[in-house]
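Chemist: Going line by line, the protein sequences match chains A and B.
If you're matching positions, the first sequence starts at 117 in the numbering used here and goes up one per residue.
If you're matching positions, the second sequence starts at 613 in the numbering used here and goes up one per residue.
Can you read through this structure? Questions will come right after.
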Amino acid sequence: MSVYKHIYRAYAGKVTPVWTRVFVLARYGFAEAWSSKITIGLFTLCLLPPIVFLIGIYLANNPIARTLIGGRGPQGLAINARFFLNVLATQSWLALPLASWIAPQLITFDLADNALPILLSHPISRFGYVLGKFIALFASLSVVTWVPCLLLFAYQSYSSPLPWAAANLQIAAGLLAGTVIWIAFLSILGLAVSSWVKWRVAATGAIFAAVFIPAGVGGIITGVLRTRWGFLLNVPFMMTSLWQRLLGDPESARAIFYLPTGAIAATLVLTCFICAVMLNSRIRACEVVRG
Amino acid sequence: MIDLNGLEVRLGNRIVLDGLTGSLQGQAIGLLGPNGAGKSTLINTLLGFHPPSKGTASVFGLDCHRDRAEVRGGIGYMPENDSFIGNMSGVRFVRYMAELAGLSVGEALERAHEALFYVGLGEVRYRRVNTYSLGMKQLVKLAQALAQGPRLLILDEPTNGLDPIARQRMIQLIKEIRQQGSVRLLISSHLLRDIDETCDEVLILKDGRIAALCNIEEERRSNRSFMELETVGATEKFSVSIRGLGCECACFPGGRIKLVIPAHIEARDLYVIASEQGVQIRRMNRRRDSLEDIFLRAMENESGRMAHVSL
Numbered sequence: 117m118s119v120y121k122h123i124y125r126a127y128a129g130k131v132t133p134v135w136t137r138v139f140v141l142a143r144y145g146f147a148e149a150w151s152s153k154i155t156i157g158l159f160t161l162c163l164l165p166p167i168v169f170l171i172g173i174y175l176a177n178n179p180i181a182r183t184l185i186g187g188r189g190p191q192g193l194a195i196n197a198r199f200f201l202n203v204l205a206t207q208s209w210l211a212l213p214l215a216s217w218i219a220p221q222l223i224t225f226d227l228a229d230n231a232l233p234i235l236l237s238h239p240i241s242r243f244g245y246v247l248g249k250f251i252a253l254f255a256s257l258s259v260v261t262w263v264p265c266l267l268l269f270a271y272q273s274y275s276s277p278l279p280w281a282a283a284n285l286q287i288a289a290g291l292l293a294g295t296v297i298w299i300a301f302l303s304i305l306g307l308a309v310s311s312w313v314k315w316r317v318a319a320t321g322a323i324f325a326a327v328f329i330p331a332g333v334g335g336i337i338t339g340v341l342r343t344r345w346g347f348l349l350n351v352p353f354m355m356t357s358l359w360q361r362l363l364g365d366p367e368s369a370r371a372i373f374y375l376p377t378g379a380i381a382a383t384l385v386l387t388c389f390i391c392a393v394m395l396n397s398r399i400r401a402c403e404v405v406r407g
Numbered sequence: 613m614i615d616l617n618g619l620e621v622r623l624g625n626r627i628v629l630d631g632l633t634g635s636l637q638g639q640a641i642g643l644l645g646p647n648g649a650g651k652s653t654l655i656n657t658l659l660g661f662h663p664p665s666k667g668t669a670s671v672f673g674l675d676c677h678r679d680r681a682e683v684r685g686g687i688g689y690m691p692e693n694d695s696f697i698g699n700m701s702g703v704r705f706v707r708y709m710a711e712l713a714g715l716s717v718g719e720a721l722e723r724a725h726e727a728l729f730y731v732g733l734g735e736v737r738y739r740r741v742n743t744y745s746l747g748m749k750q751l752v753k754l755a756q757a758l759a760q761g762p763r764l765l766i767l768d769e770p771t772n773g774l775d776p777i778a779r780q781r782m783i784q785l786i787k788e789i790r791q792q793g794s795v796r797l798l799i800s801s802h803l804l805r806d807i808d809e810t811c812d813e814v815l816i817l818k819d820g821r822i823a824a825l826c827n828i829e830e831e832r833r834s835n836r837s838f839m840e841l842e843t844v845g846a847t848e849k850f851s852v853s854i855r856g857l858g859c860e861c862a863c864f865p866g867g868r869i870k871l872v873i874p875a876h877i878e879a880r881d882l883y884v885i886a887s888e889q890g891v892q893i894r895r896m897n898r899r900r901d902s903l904e905d906i907f908l909r910a911m912e913n914e915s916g917r918m919a920h921v922s923l
């Protein structure tokens with residue numbers, strides 16, 4: 117083809133390897149997600165707490181500055197596992213509205229416009245399609261979760277006069293593992309819920325509902341049946357327990373509510389499996405009416 | 613190009629394609645059949661969306677299910693229904709599809725612009741696709757299928773919902789692509805006229821089976837001898853004389869004669885005999901067999917078994 121001649125010209129150039137097409141989907145998904153002003157607004161909001169935590173670390177490691185503002189003693193600003201648990205929890209929960217906003221943008225538009233027949237007629241599998249969208253969402257959430265968490269950890273390591281980092285490597289590993297588990301869970305949950313709700317605003321609400329409504333149901337089960345297993349439906353409780361263990365922070369919940377790590381992991385895996393089934397049934401090039 | 617070997621596709625318990633066998637070699641192949649005949653299922657099977665329950669389908673020698681990534685790499689697909697990303701501009705959408713097909717970022721952008729100009733959407737290529745009219749949406753689907761430079765272009769109802777002018781424009785584009793010769797076409801349509809104008813081979817499906825597979829041009833050539841005459845004068849004597857030339861003929865009231873003339877007989881020979889016998893030939897109509905005739909005969913074939921259509 118030629119713009120000025122208006123004739124058809126076959127393509128005879130090189131083609132990219134098939135496995136790279138996933139990153140085309142991820143790149144376009146990422147660009148689509150960040151083209152929204154609301155995404156930028158939420159992102160800015162998510163970066164405010166790290167600034168506060170950064171100031172906290174600065175003050176904790178700088179007695180002169182602490183004296184100048186008339187602050188408390190070093191114990192009041194202890195930079196330990198509990199401090200980083202607060203960082204991790206804050207950033208992780210701020211990632212929820214961001215995921216709820218971005219996930220529908222990645223999937224709902226494609227479904228609403230019936231784009232899947234065209235998208236999947238290219239050399240990309242259904243798994244590749246979901247993986248591309250997952251990468252876009254995971255990367256977007258990474259910017260507000262493990263990246264600032266590890267940057268704060270690095271700053272604390274740099275600022276501390278003591279050899280702090282070597283003694284607290286578990287915190288860094290816990291920050292990374294805790295946030296990665298959480299945003300991977302959020303990503304797959306967000307994509308699965310979005311694939312079933314074609315109206316974007318409703319999809320955003322449904323993602324919040326998928327996190328908090330089971331928590332309420334779990335609370336009722338726990339209260340009525342007097343069992344701790346109802347907390348397996350309570351994602352906030354489960355994740356807080358998991359993060360505390362990963363960071364080595366003493367658990368605040370009462371012993372009777374203790375959930376084994378294996379049960380938490382199994383619940384998360386089971387939820388991801390359900391999400392994969394939901395995606396498998398919705399992400400199809402053509403709807404099949406089975407007679 | 614497309615080989616079907618006992619292809620059977622089941623969706624649930626329903627057999628949608630039942631033992632299709634045939635080889636489609638034409639430059640432009642028309643896919644015809646009533647609703648529910650299995651046209652879209654065949655296209656979806658060729659694209660690897662449905663696994664065959666029996667038999668195989670291959671495109672360019674590659675198994676459509678096993679090698680679906682490679683097969684899709686050589687196919688440009690224009691679906692029947694609306695299928696696009698509405699909040700993208702036309703050029704971004706086409707570029708996106710070209711990149712998914714394997715073009716580099718720069719090549720994809722260049723060919724996206726070219727494809728949009730080629731189909732006549734050059735002036736609106738920066739507008740969002742969801743602001744396009746129905747005809748423009750059809751064209752942008754064609755542009756995305758062309759941008760990657762496919763070896764096989766599958767067009768599912770390309771003139772669906774188009775007004776006469778837009779339809780003519782689409783048919784003209786398809787003819788140009790066909791004439792260019794580097795891309796084969798598989799066109800599914802309910803409109804016999806569209807297939808008649810653009811295709812040289814036709815596959816007619818009925819109830820999931822092949823009702824007819826024929827070369828339209830050959831069919832036409834084989835039926836060139838079919839002729840209708842309107843005469844005044846000694847019609848009976850005239851008909852006896854032309855039978856003597858080897859023609860098959862039947863006489864009707866009002867001096868009408870229908871005849872099938874052998875290849876070696878020219879219209880001039882009929883005029884010579886008519887002149888010798890004082891018969892006036894008032895009208896001579898050489899009727900070519902239409903695709904509609906072929907289609908209706910295939911539909912009348914109640915067994916639904918494959919029939920190479922002949923007159």
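We put the CB at the ideal spot given by N, CA and C, even for glycine.
Take glycine 866 of chain B and list the residues in its own chain whose beta-carbon comes closer than 6 Å to its own, dropping the five residues that flank it on each side.
Modeler: Start at 1 with the first residue of the second sequence, and residue 866 of chain B comes out as number 254. Correct list: empty, nothing qualifies.
Chemist: Return the CA-CA distance between glutamate 830 of chain B and leucine 141 of chain A, expressed in angstroms with no decimal places.
Modeler: On the second sequence, residue 830 of chain B is found 218 positions in, with the first residue counted as 1. On the first sequence, residue 141 of chain A is found 25 positions in, with the first residue counted as 1. Roughly 46 Å separates the two Cα atoms.
Chemist: Identify the contact partners of arginine 895 of chain B in chain A, using a Cβ-Cβ distance below 8 Å as the criterion.
Modeler: As a first step, residue 895 of chain B must be located in the second sequence, where it is residue number 283. Ordered by position in chain A, no residue passes the 8 Å Cβ test against arginine 895 of chain B, which lies about 43 Å from the chain.
Chemist: Is there at least one Cβ from chain B nearer than 9 Å to serine 241 of chain A's Cβ?
Modeler: Along the first sequence, read from residue 1 onward, the residue named residue 241 of chain A stands at position 125. So yes, serine 241 of chain A belongs to the interface.
Chemist: Looking at glycine 145 of chain A and the ligand GTP, is the gap between the Cβ and the nearest heavy atom below 8 Å?
Modeler: Within the structure as shown, the ligand GTP is missing, as the structure has no ligands at all.
Chemist: In the DSSP assignment, what are the bridge partners of glycine 688 of chain B?
Modeler: Within the second sequence, numbered from 1, the residue matching residue 688 of chain B stands at position 76. Glycine 688 of chain B is bridged to B:Leu765.
Chemist: Between valine 628 of chain B and glycine 650 of chain B, is the Cβ-Cβ spacing less than 9 Å?
Modeler: On the second sequence, position 16 is the one that residue 628 of chain B refers to. On the second sequence, position 38 is the one that residue 650 of chain B refers to. Their beta carbons are under 9 Å apart, which means valine 628 of chain B touches glycine 650 of chain B by this criterion.
Chemist: Cutting at 6 Å between CB atoms, please list the residues of its own chain near leucine 721 of chain B, excluding the five before and the five after it.
Modeler: Counted from its first residue, the second sequence places residue 721 of chain B at position 109. Counting only Cβ-Cβ distances below 6 Å, and skipping sequence neighbours, we find Arg707.
Chemist: Cβ closer than 8 Å: which chain B residues qualify as neighbours of isoleucine 234 of chain A?
Modeler: As a first step, residue 234 of chain A is located in the first sequence; it is residue number 118 there, counting from the start. Residues of chain B passing the Cβ test: Tyr689, Pro691, Ser695, Phe696, Met709, Lys753, Gln756.
Chemist: Residue range of the alpha helix (DSSP H) that methionine 782 of chain B falls in?
Modeler: In the second sequence, residue 782 of chain B corresponds to position 170, counting from 1. Methionine 782 of chain B -> alpha helix (DSSP H) spans 776-792.
Chemist: With DSSP as the reference, label glutamine 637 of chain B as helix, strand or coil.
Modeler: Here residue 637 of chain B corresponds to residue number 25 of the second sequence, with the count starting at 1. DSSP places glutamine 637 of chain B in coil when its eight states are reduced to three.
Chemist: Cβ of isoleucine 223 of chain A less than 9 Å from any chain B Cβ?
Modeler: Working through the first sequence from its first residue, we reach residue 223 of chain A at position 107. No, because no Cβ of chain B sits closer than 9 Å to the Cβ of isoleucine 223 of chain A.
Chemist: Is serine 652 of chain B close to chain A? Criterion is C-beta to C-beta, closer than 9 Å.
Modeler: Here residue 652 of chain B refers to the residue found at position 40 of the second sequence. Chain A, which has a Cβ nearer than 9 Å to the Cβ of serine 652 of chain B, makes this yes.
Chemist: List the residues of chain A whose Cβ lies closer than 7 Å to the Cβ of glutamate 788 of chain B, in chain order.
Modeler: As a first step, residue 788 of chain B is located in the second sequence; it is residue number 176 there, counting from the start. Tyr124, listed in chain order.
Chemist: What does a CB cutoff of less than 7 Å around proline 664 of chain B pick up in its chain, not counting 5 residues either side in sequence?
Modeler: The residue you call residue 664 of chain B lines up with position 52 of the second sequence. Cβ neighbours of proline 664 of chain B beyond the five flanking positions: Leu619, Glu620, Val621, Thr657, His677.
Chemist: Roughly how many angstroms lie between the CA atoms of isoleucine 173 of chain A and glutamine 360 of chain A, to the nearest whole one?
Modeler: By 1-based counting over the first sequence, the position of residue 173 of chain A is 57. By 1-based counting over the first sequence, the position of residue 360 of chain A is 244. Going from the Cα of isoleucine 173 of chain A to the Cα of glutamine 360 of chain A covers about 20 Å.
Chemist: Going by DSSP, what residues sit across from valine 621 of chain B in a beta bridge?
Modeler: The count along the second sequence starts at 1 and reaches residue 621 of chain B at position 9. The partner list for valine 621 of chain B (beta bridge, DSSP) reads B:Leu629.
Chemist: Hey, isoleucine 234 of chain A and proline 762 of chain B: beta-carbon distance below 9 Å or not?
Modeler: As a working note, residue 234 of chain A is residue 118 in the first sequence. As a working note, residue 762 of chain B is residue 150 in the second sequence. Taking 9 Å as the Cβ cut-off, isoleucine 234 of chain A and proline 762 of chain B do not qualify as a contacting pair.
Chemist: Consult DSSP for serine 701 of chain B and reduce its assignment to one of helix, strand or coil.
Modeler: Along the second sequence, one-based indexing puts residue 701 of chain B at 89. It is a strand residue.
Chemist: Could you say which of B:Ile873, B:Gly890, B:Ile697 lies nearest to tyrosine 144 of chain A if we only look at CA atoms?
Modeler: Start at 1 with the first residue of the first sequence, and residue 144 of chain A comes out as number 28. If we check each option's Cα against that of tyrosine 144 of chain A, B:Ile697 comes out closest.
Chemist: Spatial neighbours of proline 352 of chain A within its chain, please: CB distance less than 7 Å, with the 5 preceding and 5 following residues excluded, ordered by chain position.
Modeler: Position 236 of the first sequence, counted from the first residue, corresponds to residue 352 of chain A. Cβ within range, chain order: Ala331.
Chemist: Can you pull the chain A residues whose beta carbon is under 9 Å from the beta carbon of serine 716 of chain B, in chain order?
Modeler: Start at 1 with the first residue of the second sequence, and residue 716 of chain B comes out as number 104. In chain order: Gly129, Lys130, Val131, Thr132.
Chemist: Provide the residue(s) that pair with serine 800 of chain B in DSSP beta bridges, ordered along the chain.
Modeler: Here residue 800 of chain B refers to the residue found at position 188 when the second sequence is read from its first residue. Looking at the DSSP assignment, serine 800 of chain B forms a beta bridge with B:Leu643, B:Asp768.
Chemist: Taking Cβ-Cβ distances shorter than 8 Å, what residues in chain B pair up with alanine 149 of chain A?
Modeler: Position 33 of the first sequence holds residue 149 of chain A. Those within 8 Å of alanine 149 of chain A in chain B number zero; the least Cβ separation is about 12 Å.
Chemist: What is the rounded straight-line gap between the Cα of valine 844 of chain B and the Cα of arginine 898 of chain B?
Modeler: Indexing the second sequence from 1 puts residue 844 of chain B at position 232. Indexing the second sequence from 1 puts residue 898 of chain B at position 286. Spanning the two alpha carbons is a distance of roughly 18 Å.
Chemist: Under 9 Å between C-beta atoms, does valine 573 of chain B make it to chain A?
Modeler: Chain B is shown from 613 up to 923; residue 573 of chain B falls before or after that span and cannot be answered.
Chemist: Mind checking if alanine 713 of chain B is an interface residue toward chain A, Cβ cutoff 9 Å exclusive?
Modeler: For the purposes of this step, residue 713 of chain B is identified with residue 101 of the second sequence, where counting begins at 1. Cβ-Cβ to chain A under 9 Å: yes for alanine 713 of chain B.
Chemist: Provide the residue span of the alpha helix (DSSP H) that contains alanine 318 of chain A, from first to last.
Modeler: Taking the first sequence and counting its residues from 1, the one referred to as residue 318 of chain A is at position 202. From DSSP, the alpha helix (DSSP H) with alanine 318 of chain A extends over 316-341.
Chemist: I'd like to know whether the C-beta of arginine 723 of chain B is nearer than 9 Å to at least one C-beta of chain A.
Modeler: Position 111 of the second sequence, counted from the start, is the residue given in the question as residue 723 of chain B. Yes, contact with chain A.
Chemist: Would you list the one or two residues that DSSP bridges to alanine 282 of chain A?
Modeler: Numbered from its first residue, the first sequence carries residue 282 of chain A at position 166. None, per the DSSP bridge assignment.
Chemist: Using a 10 Å radius around the Cβ and a threshold of 16 neighbouring Cβ atoms, would you call serine 357 of chain A buried or exposed?
Modeler: One-based indexing of the first sequence puts residue 357 of chain A at position 241. Per the 10 Å Cβ criterion, buried.
Chemist: Quick check: the region 872-890 of chain B against the region 848-856 of chain B, are at least 3 beta-carbon pairs closer than 8 Å?
Modeler: Yes: at least three Cβ pairs fall under 8 Å.
Chemist: May I ask you to verify whether the region 708-716 of chain B touches the region 783-794 of chain B, counting CB pairs closer than 8 Å and requiring at least 3?
Modeler: Verdict: no, contact absent.
Chemist: For my contact list, proline 412 of chain A and serine 310 of chain A are in at a C-beta cut-off of 8 Å; report their separation, rounded to the angstrom.
Modeler: With chain A covering only 117 through 407, there is no way to say anything about residue 412 of chain A.
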